[in-house]
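Colleague: Mind having a look at this structure? Questions to follow.
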Amino acid sequence: MKILITTQRDFVAQRFDLTAEVVIANVENGQLVGKPRAIIMDRPSAEDLCNMIMEENIAIVICGGIEDRHYQFLTWKKIRVIDFIIGDYETALQQAIAGKLHPGDLLPLSRSDLSL
Amino acid sequence: MMKKTFAVPGEVLLEDLLAGFPHASAVLDEGFKIVAVNRMFEALTGYGRDVAVGVYADFIFRSNMGNNRGQVFQRVVETGETATIEGDIVNRSRKKIGIRFTVSLLHTRRGSHTKGLLVVLEDISAIEATAQKMLSDWSSDIIGHSPKMQAVFDVMPLMSQTEASILITGETGTGKDKIAEAIHRNSPRGKFQFVKINCGALPPDLLESELFGHVKGAFTGAVRDKPGMFKIADKGTIFLTEIGDMPLSLQVKLLSVLDDRAFYPVGGERKESVDVRVIAATHRSLREQVEAGAFREDLFYRLNVLHIHLPPLREREGDTRFLLDYFLQDYATRLGKEIQTFSDAALRHLLNYAYPGNIRELRNIVEYCANVCRKKNIGKEDLPAYLFAQVQAAAPKIPAPDLTPRREAAGKTAASPEDRQAVSGDNWTEIEKKMILEALTASKGNRAKAAEKLGWGRTTLWRKIARYGLG
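One line per chain: the protein sequences are Y and X, in this order.
Heads up, the first sequence stops at 302 in the working numbering, and the numbers go up one at a time, no gaps.
Heads up, the second sequence stops at 561 in the working numbering, and the numbers go up one at a time, no gaps.
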């Protein structure tokens, strides 16, 4: 199973359509397999991101704010979208693997300095 | 949870302060984390204050305002200048909403120590949704259906979206001010000041002080610093009407402001920077003034980046009737009268009149009629007397430009010998003025045809028009 997280430096990106970086993690039997792969996109584009998610056979998308049309498209394609996450992406990934991440979660921040 | 207080007079609760704001608003601390929000903010973003407070603002805003690494916030803190940015947010309902962000600095009364930022999020989605409608609805307060006015309406939306200077030309009373204001209001600068100044109304020294401001002691009576109109219009638009009457010495300074976006106030040593869009208007032909040496050529080209020419009312087919009805309804409502329309005779006379004062004159005529009329329909007897003055044998009391109704009698040409005879009591200047106006009226403002009708060359006609101030 593949999990894609939209990222902005160490954090889950605020917005799906403005995301220029993503991290893709492979998860097997509730365990992270290998090192998560970071991909920098040509440009921020919700459409390009949706295409990448389809091509990469992503099962779960972890993101920040996402427009309803993109959310509906992804869920229609049987992709689980955990949106409006606030926090650092590593914690989000760990929580998702543990099955404890829910839409709108404000994660306990692993960094005291929240400045971007 | 203990409520946060703030160092404004007394100890004001931020929540109480923000509750009075008509838009979604949030106060951020020095680290750009949210300290307080109002109810409108909660409704707009979908985040309650229990979640939002203490979180870095961008995680809650989810905006595209270009605040990467808090750049916008940091810039406001460093410069102290309020930033206004248009963008959008994605709220908790996954809806993208157009927003105008205004970020301003908050600091304590004690010294300049920064206390935080105030961010106002103005929902402009309704404006954006109707933007297309607005673009085609420029005539909401500028009335006109004639092809020439439609051509003006067509270019106005484009001009509002640029930063270039605009020159508006047209006869007096054609609505140059309205057009300038409409362009400003529909431009990204629309929420800032629109400052109008008449360059022909003030003596040169006073005009310089009005435009650029002065410092204390710059001249006798300058008892304090005064910001000029350019400074007041910062981030907005300055509308210089009657630019053709601006003295040459000031034209140089204006050119310098347009080029450098900075100027020295009168008597000042510190250069003031401004971000102002200039719209200029004149009823004169600037090109001819340039040729005559009364207007700087470089300034003319600098102002004439975009050009709108407003047609006189006599060239706006069909608009006269429409405007008559519009103003009649307007004044009847204002005066609480039951006037419904014009009688056929009055209407025939009004439609045949040339309106040298254009819409301003037409409006004044209708206002006069509405005040005088005691019936439901405005009759010929309710029209201002000067409209009939030309056909009276006695010499008119009012200057000739106002005495130009078209001839009603069939078979007469506009400048027929009989007409000339009718005004034989006037001196030659008055007669010539009337001949010119009648020829222009007959040729619907076409100067070449008017010159031909009068048997003059075009230059002669132009010179006489200029001499008599008929242009």
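We put the CB at the ideal spot given by N, CA and C, even for glycine.
(1) Any C-beta of chain Y within less than 8 angstroms: which residues of the stretch 170-186 of chain X qualify?
(2) What's the C-alpha gap between X:Lys306 and X:Pro317?
(3) Label X:Glu451 either buried or exposed according to how many other C-beta atoms from any shown protein chain fall within 10 Å of its C-beta, with 16 as the threshold for buried.
(4) From which residue to which residue does the alpha helix (DSSP H) around X:Asp244 run?
(5) Suppose the cutoff is 7 angstroms on Cβ atoms and the five residues either side in sequence are ignored; what does the same chain contact list for X:Met155 look like?
(6) If you measure between the beta carbons of X:Gly290 and X:Ile449, is that distance less than 8 angstroms?
(7) Measuring straight from C-alpha to C-alpha, what distance separates X:Trp573 and X:Ile258?
(8) Quick one: using the 10 Å Cβ neighbour count with 16 as the cut-off for buried, is X:Ser363 buried or exposed?
(9) Mark X:Ser339 as exposed unless 16 or more other C-beta atoms lie within 10 angstroms of its C-beta, in which case mark it buried.
(10) Whose CA, out of Y:Ile191, Y:Asp196 and Y:Ile268, lies closest to the CA of Y:Asn212?
(11) My output table needs one value for X:Gln341: the three-state DSSP class, helix, strand or coil.
(12) Using the three-state DSSP reduction, which class does X:Pro317 fall into: helix, strand or coil?
(13) Can you tell me the Cα-Cα spacing of Y:Pro289 and X:Arg279, whole angstroms?
(14) For a minimum of 3 consecutive residues, which ranges assigned as the beta strand (DSSP E) are wholly contained in the stretch 125-175 of chain X?
(15) Can you pull the chain Y residues whose beta carbon is under 7 angstroms from the beta carbon of X:Asp415, in chain order?
(16) Using 8 angstroms as the limit for Cβ to Cβ distance, is X:Val125 near chain Y?
(17) In its own chain, which residues sit with a C-beta less than 7 angstroms from the C-beta of X:Glu405, not counting the 5 before and 5 after it?
(18) Which of the three DSSP states, helix, strand or coil, is assigned to Y:Ile265?
(19) Spell out a yes or no on whether the stretch 354-374 of chain X and the stretch 297-315 of chain X are touching, meaning 3 or more CB-CB pairs, one atom from each, closer than 8 angstroms.
(20) I think X:Leu393 touches X:Val366, with their Cβ atoms under 8 angstroms apart; what is that distance to the nearest whole Å?
(21) Spatial neighbours of X:Val380 within its chain, please: CB distance less than 6 angstroms, with the 5 preceding and 5 following residues excluded, ordered by chain position.
(22) Looking only at its own chain, which residues have a Cβ that is under 7 angstroms from the Cβ of X:Asp119, when we skip the five neighbours before and after it?
(23) How many angstroms separate the CA atom of Y:Glu253 from the CA atom of Y:Ala206?
(24) Helix, strand or coil for X:Asn467 per DSSP?
(25) What residues from chain X crowd round Y:Tyr257, counting only those whose CB sits closer than 7 angstroms?
(26) Taking C-beta pairs closer than 8 angstroms, name the residues in chain Y that X:Val45 reaches, listed in chain order.
(27) Please report the distance separating the alpha-carbon of X:Val395 from that of X:Met246.
(28) Is it right to say X:Asp106 is buried, meaning 16 or more other beta carbons lie within 10 angstroms of its own, or is it exposed?
(29) Using the DSSP secondary-structure output, state which residues sit across from Y:Glu214 in a beta bridge.
(30) Are the beta-carbon atoms of X:Lys325 and X:Phe282 separated by less than 8 angstroms?
(31) Of the residues X:Gly138, X:Ser183, X:Val209 and X:Val166, which one's Cα is nearest the Cα of X:Phe111?
(32) Determine, using beta carbons only, whether Y:Leu204 comes closer than 8 angstroms to chain X.
(33) How many Å lie between X:Arg510 and X:Glu522 at the Cα?
(34) Report yes or no: is there a C-beta of chain Y within less than 8 angstroms of the C-beta of X:Asn394?
(35) Chain Y partners of X:Phe149, CB-CB under 7 angstroms?
(36) Residues in the stretch 235-248 of chain Y with C-beta within 7 angstroms of chain X's C-beta atoms, listed in sequence order?
Modeller: In short:
(1) Ile179, Val180, Asn181, Arg182, Ser183, Arg184, Lys185 and Lys186
(2) Along the second sequence, one-based indexing puts residue 306 of chain X at 216. Along the second sequence, one-based indexing puts residue 317 of chain X at 227. Their Cα atoms are separated by approximately 11 angstroms.
(3) On the second sequence, position 361 is the one that residue 451 of chain X refers to. When all chains shown are included, X:Glu451 counts as buried.
(4) Translated into the one-based positions of the second sequence, residue 244 of chain X becomes position 154. Pro237 to Ser250 is the extent of the alpha helix (DSSP H) around X:Asp244.
(5) Along the second sequence, one-based indexing puts residue 155 of chain X at 65. Val162, Ile175, Gly177 and Phe191, listed in sequence order.
(6) As a working note, residue 290 of chain X is residue 200 in the second sequence. As a working note, residue 449 of chain X is residue 359 in the second sequence. Contact annotation: X:Gly290 and X:Ile449 have beta-carbon atoms that are not nearer than 8 angstroms.
(7) Any question about residue 573 of chain X goes unanswered here, given that chain X covers just 91 to 561.
(8) The count along the second sequence starts at 1 and reaches residue 363 of chain X at position 273. It is exposed - the Cβ of X:Ser363 has fewer than 16 other Cβ atoms within 10 Å.
(9) Within the second sequence, the letter at position 249 stands for residue 339 of chain X. Classification of X:Ser339: exposed, given that the 10 Å Cβ count is below 16.
(10) Translated into the one-based positions of the first sequence, residue 212 of chain Y becomes position 26. Check the Cα spacing between Y:Asn212 and each of Y:Ile191, Y:Asp196 and Y:Ile268: the tightest is with Y:Ile191.
(11) Counting from one through the second sequence, the residue named residue 341 of chain X turns up at place 251. In the structure shown, the three-state DSSP call for X:Gln341 is helix.
(12) In the second sequence, counting from the first residue as 1, residue 317 of chain X sits at position 227. Reduced to three states, the DSSP call for X:Pro317 is strand.
(13) Position 103 of the first sequence, counting from 1, holds the residue named residue 289 of chain Y. Position 189 of the second sequence, counting from 1, holds the residue named residue 279 of chain X. Spanning the two alpha carbons is a distance of roughly 39 angstroms.
(14) none
(15) Here residue 415 of chain X is taken as the residue at index 325 of the second sequence, counted from 1. Per Cβ cutoff of 7 angstroms: no residues; X:Asp415 is ~47 angstroms from chain Y at best.
(16) Counted from its first residue, the second sequence places residue 125 of chain X at position 35. Closer than 8 angstroms: no.
(17) Here the question's residue 405 of chain X lines up with position 315 in the second sequence. These residues qualify, in order along the chain: Lys238, Lys534 and Gly535.
(18) Position 79 of the first sequence, counted from the start, is the residue given in the question as residue 265 of chain Y. Y:Ile265: coil per DSSP, three-state reduction.
(19) yes
(20) Looking up residue 393 of chain X in the second sequence gives position 303. Looking up residue 366 of chain X in the second sequence gives position 276. About 13 angstroms separates the two Cβ atoms, so there is no contact after all.
(21) Numbered from 1 along the second sequence, position 290 holds the residue referred to as residue 380 of chain X. Cβ neighbours of X:Val380 beyond the five flanking positions: Glu387 and Phe390.
(22) As a position in the second sequence, residue 119 of chain X is number 29, starting the count at 1. Cβ within range, chain order: Val125 and Gly206.
(23) Here residue 253 of chain Y refers to the residue found at position 67 when the first sequence is read from its first residue. Here residue 206 of chain Y refers to the residue found at position 20 when the first sequence is read from its first residue. If I take the Cα positions, the gap works out to 16 angstroms.
(24) Here residue 467 of chain X corresponds to residue number 377 of the second sequence, with the count starting at 1. Three-state DSSP puts X:Asn467 in a strand.
(25) Locating residue 257 of chain Y in the first sequence gives position 71, where the first residue counts as 1. By Cβ distance, chain X contributes Arg184.
(26) Outside the shown range of chain X (91 to 561) lies residue 45 of chain X, about which nothing can therefore be said.
(27) The count along the second sequence starts at 1 and reaches residue 395 of chain X at position 305. The count along the second sequence starts at 1 and reaches residue 246 of chain X at position 156. Rounded to whole angstroms, X:Val395 to X:Met246 spans 14 angstroms at the Cα level.
(28) For the purposes of this step, residue 106 of chain X is taken as the residue at position 16 of the second sequence. X:Asp106 comes out exposed.
(29) For the purposes of this step, residue 214 of chain Y is identified with residue 28 of the first sequence, where counting begins at 1. Answer is Y:Gln217.
(30) Numbered from 1 along the second sequence, position 235 holds the residue referred to as residue 325 of chain X. Numbered from 1 along the second sequence, position 192 holds the residue referred to as residue 282 of chain X. Yes, Cβ-Cβ distance for X:Lys325 and X:Phe282 is below 8 angstroms.
(31) For the purposes of this step, residue 111 of chain X is identified with residue 21 of the second sequence, where counting begins at 1. Of the listed residues, the one whose Cα sits closest to X:Phe111 is X:Val209.
(32) Position 18 of the first sequence, counted from the start, is the residue given in the question as residue 204 of chain Y. With 8 angstroms as the cut-off, Y:Leu204 counts as an interface residue toward chain X.
(33) Working through the second sequence from its first residue, we reach residue 510 of chain X at position 420. Working through the second sequence from its first residue, we reach residue 522 of chain X at position 432. Note that X:Arg510 has pLDDT 38, beneath the 50 cutoff, so the model's placement of it is unreliable and no number is given.
(34) For this step, residue 394 of chain X is matched to residue 304 along the second sequence. Closer than 8 angstroms: no.
(35) Counted from its first residue, the second sequence places residue 149 of chain X at position 59. Going along chain Y in sequence order, the residues near X:Phe149 (Cβ under 7 angstroms) are Gln200 and Ile272.
(36) Shown here is that no member of the stretch 235-248 of chain Y has a Cβ falling below 7 angstroms from a Cβ of chain X.
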